[in-house]
Each structure stands twice: as C-alpha cells, then as structure tokens.
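Numbered per mature numbering (1 follows the signal peptide of the UniProt record, and there is no 0), the sequence shown spans residues -21 to -1, 1 to 310. Yeah, the Cβ is synthetic: ideal placement off N, Cα and C, and Gly gets one too. Here is the structure we will look at.
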Amino acid sequence: MFRLTAAVLALSLAAATPAQAEGRIRIAEQFGVVYLLLNVAQDQQLIEKQGKKLGVDITVERLQLSGGSAVNDALLSGAIDIAGAGVGPLLTIWDRTNGKQNVKGVASLGSFPYYLVSTNPKVKSIADLSEKDRIALPAVTVSVQSRILQYAAAKQWGEKEFARLDKFTQTLPHPDAAAAVIAGGTEINGHFGNPPFQEQELAANPNARIILNSYDVLGGPSSATVLYATEKFRNENPKTYRAFTAALAEAAQYIAKNPEGAADTYLRISKAKVDRELLLKIIKNPQVNFSVAPQNTYGLAQFLYRVGAIKKQPASWRDYFFEDPVIAAGS
C-alpha cells in the first residue's frame, strides 16, 4: 500500500483505467484503527483466500488517501473500486450518483466514538468555540467529522445554523492534525479525529480534552467509517465482490477473538508509531465494535436531507447500502 500526495493523485486519476473483470480489486483507505478490518484482511490475505474458494485468483491493490473528497474523486474517476471513508462522504456520493454510477455502501468498518479534542482552556463545549479556534478534520464540510459537527451545531442552535462552525474547520490529514495538537504552538488547537489519533492527543498533551463525542450527537454507537463502491463494479465482479465481503466478515471474527494479534497486525501493516498498550485499550474498548453491518447511520442521513446537504431522501439505511447477507442486520 502506498500513500498518494495531491499531485500524484491528480496524475493517477488522469491516467486511471476503468474497473476490469473478475480478479482485481483496488481499495482506498485512510488513516487510523478504523481501518483495522482491511489491515487484517491484507495481513492474512483473506480476500485472496476467499477468492480461491469461489474459483477466482484475485489481485488486491491498495492505496492511502486523506479525506472523503479525494476518495470520492478516485472512485468516480475509476482509479479505485472500493472506497473507504466516512458515512458523510458515502451519503454525498450516493445522492449525487443516483441514476448514474449508483454508488452505495458495501459494509461498515465498525462502530467507534469519534472525539472532538481541543487544547483551548476556554473551550469546554462547542458553544465556546470562536475565531480563536481552528479545528482540523479530514475534509471540510464533506468528511463524517464535519457532518457530525454540523449535526451537533444544529442541535445546539437550530437546523438553520447547522453550518455555524464550518468557518472554524480546516482540512488536514489525521496524522498531521494529531502532531499539531500534541506539539502545540500552531493555529491548530482542535482536532475532530478518530482512533488512535484522538487517544494519542489526550495521552500526550495535558491541555487536550474531549469537547464532543460523536456517540452523544448520533444517539449512541454508530458506524462512522464505511466502504462503498459503484453498481458497475459490483455487477461486473460478483465473485470478487463476494470474496471481499466474506474477507471482511472473517477479519471481524479474528479481531473479536484475538485483539492482541489484531493490535500487532495494525502496527505491522500501518507502520504507525502507536503505543501497543494504548492500541489494545482502543481495540478492547466496549464502545468499539468491529462489525461489518452498519449501525445507526440513518439519523445522520435524515439530518443531511433536512438541511439540504443531500437532495434524495433515503427511506432507510438500505437505500444507500447494497443488499448483502453479511450486512443484513444493519441500521
């Protein structure tokens, strides 16, 4: 797996070729423990293993991007087949491709609480945010962190004020945002991140505190980060698609049974500099669930429709996810 800079991404998108026939899958992921299912699948070659069961030799290609906008651009250009990003970017692209590429969710990567962390001693909640604050998140107005912040603002000040805090946000990859928050001394004094970056910030900077928890905004545990694809890829590669979802389900079972091994997998595959004990604490957190079935995503979808962020109103979560036995218990 390799990481693309903005310049390299632009070149790769320009030269992208359409998705090919059975036996090839190109996956884009971002940063953090939320991608552990993909890390386990890569480490144990589960997609290849499940492909062989279906009589297909699958070549898996991986790349790393930052932000839902970049991931969506890559998917629509044909540079990737499977996109890994937040529910917010999924809903955006589902809405915009309805009747065209028909992008829908493939599976969840699990349910994780996402924290808005601030180092400003005057900020105790989002009501205290001001022009003195700069909140880093992966994509302004598009990322799931941005959408959850908008949802929180709507609950605080009314839905007409849902974008009230957007002006305090800034696009920055999670690793860079975490480094800025931990070090201090920059204009970035807040970060709406994900594990393990948020936990690293809280552990390393005594001024860091949680001012917003995504579970509080969304009404409980929820799948914030998901995988999605075009209808074309799913229809033209049914065995590859089935092997991929089966591999995710197998990876989820492995993590549940072997958190220690899963932690070692994350460190080995991501090459992230994370304290192992901190990592294990995240994986074993009772609020964390590595389930492939989406959980509690519909409330955010309804909110985005009400404020006009998406034009098509989903009747349920099933409207923006492909039908698949492995995610049948979703919500």
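Please classify residue i: is it buried, with 16 or more other beta-carbons within 10 angstroms of its beta-carbon, or exposed?
{"i": "Pro273", "result": "buried"}
{"i": "Ser295", "result": "exposed"}
{"i": "Glu166", "result": "exposed"}
{"i": "Ala49", "result": "buried"}
{"i": "Glu8", "result": "buried"}
{"i": "Ser193", "result": "buried"}
{"i": "Gln232", "result": "exposed"}
{"i": "Ala203", "result": "buried"}
{"i": "Gln281", "result": "exposed"}
{"i": "Gly30", "result": "buried"}
{"i": "Gly89", "result": "buried"}
{"i": "Ala(-16)", "result": "Because Ala(-16) sits at a pLDDT of 41, beneath the cut-off of 50, its placement in the model cannot be relied upon, and the point is left open."}
{"i": "Pro304", "result": "exposed"}
{"i": "Gln292", "result": "exposed"}
{"i": "Thr(-5)", "result": "Residue confidence for Thr(-5) is low, a pLDDT of 45 falling below 50, so the modelled location carries little weight; the figure read from the coordinates is stated next. With fewer than 16 other Cβ atoms within 10 Å, it is exposed."}
{"i": "Asn168", "result": "buried"}
{"i": "Gln124", "result": "buried"}
{"i": "Asn264", "result": "exposed"}
{"i": "Gly65", "result": "buried"}
{"i": "Asp36", "result": "exposed"}
Can you tell me where the beta strand (DSSP E) holding residue i begins and where it ends?
{"i": "Asn214", "result": "Where Asn214 is concerned, there is no enclosing beta strand (DSSP E), although the alpha helix (DSSP H) it sits in stretches over 210 to 215."}
{"i": "Lys83", "result": "83 to 87"}
{"i": "Ala158", "result": "Careful: Ala158 lies outside any beta strand (DSSP E), inside the alpha helix (DSSP H) at 153 to 162."}
{"i": "Val39", "result": "38 to 43"}
{"i": "Arg5", "result": "3 to 8"}
Considering only C-alpha positions, which residue in the set the options is nearest to residue i?
{"i": "Gly278", "options": "Ala131, Asn268, Glu302, Ala157", "result": "Ala131"}
{"i": "Lys211", "options": "Asp36, Gly34, Ile59, Gln9", "result": "Ile59"}
{"i": "Ala158", "options": "Glu180, Gly137, Glu140, Glu138", "result": "Glu180"}
{"i": "Leu25", "options": "Ala307, Arg285, Leu227, Glu256", "result": "Leu227"}
{"i": "Gln13", "options": "Ala242, Tyr284, Arg297", "result": "According to the sequence shown, residue 13 is Val rather than Gln. Comparing Cα positions, the closest option is Ala242."}
{"i": "Arg247", "options": "Gln21, Glu1, Ser270, Glu256", "result": "Gln21"}
{"i": "Leu17", "options": "Ser270, Ser97, Arg297", "result": "Ser270"}
{"i": "Phe141", "options": "Pro92, Tyr284, Val19", "result": "Tyr284"}
{"i": "Asp254", "options": "Val119, Phe176, Lys83", "result": "Phe176"}
{"i": "Ala183", "options": "Phe171, Ile161, Gly240", "result": "Ile161"}
{"i": "Arg3", "options": "Gln23, Gly11, Val39", "result": "Val39"}
{"i": "Leu151", "options": "Val119, Asp145, Arg126, Glu178", "result": "Val119"}
{"i": "Glu178", "options": "Phe91, Phe223, Ile127", "result": "Phe91"}
{"i": "residue 319", "options": "Glu229, Ser97, Arg188, Asn81", "result": "Residue coverage of the chain in this structure runs from -21 to 310, which leaves residue 319 outside it and unanswerable."}
Just curious, the alpha helix (DSSP H) that residue i is in, first and last residue?
{"i": "Gly30", "result": "25 to 32"}
{"i": "Asn51", "result": "47 to 56"}
{"i": "Gly199", "result": "Here Gly199 belongs to no alpha helix (DSSP H), and DSSP marks it neither H nor E."}
{"i": "Phe300", "result": "Unbroken run through Phe300: none, as it is neither H nor E."}
{"i": "Thr244", "result": "238 to 249"}
{"i": "Leu260", "result": "The identity of residue 260 in the sequence shown is Lys, whereas the question assumes Leu. That run of the alpha helix (DSSP H) goes 255 to 263."}
{"i": "Asn18", "result": "15 to 22"}
{"i": "Ile127", "result": "123 to 136"}
Bridge partners of residue i, per DSSP?
{"i": "His170", "result": "Val96, Ala115"}
{"i": "Arg205", "result": "The sequence given here places Val at residue 205; Arg does not occur at that position. DSSP, once it has assigned bridges, lists Ala64, Ser87 as partnering Val205."}
{"i": "Val188", "result": "Sequence check: residue 188 is Arg here, not Val. Looking at the DSSP assignment, Arg188 forms a beta bridge with Ser97."}
{"i": "Arg75", "result": "Arg75 is not bridged to any residue."}
{"i": "Asn268", "result": "Ser90"}
{"i": "Thr148", "result": "Ile114"}
{"i": "Phe141", "result": "According to DSSP, which records beta bridges pairwise, Phe141 is partnered with nothing at all."}
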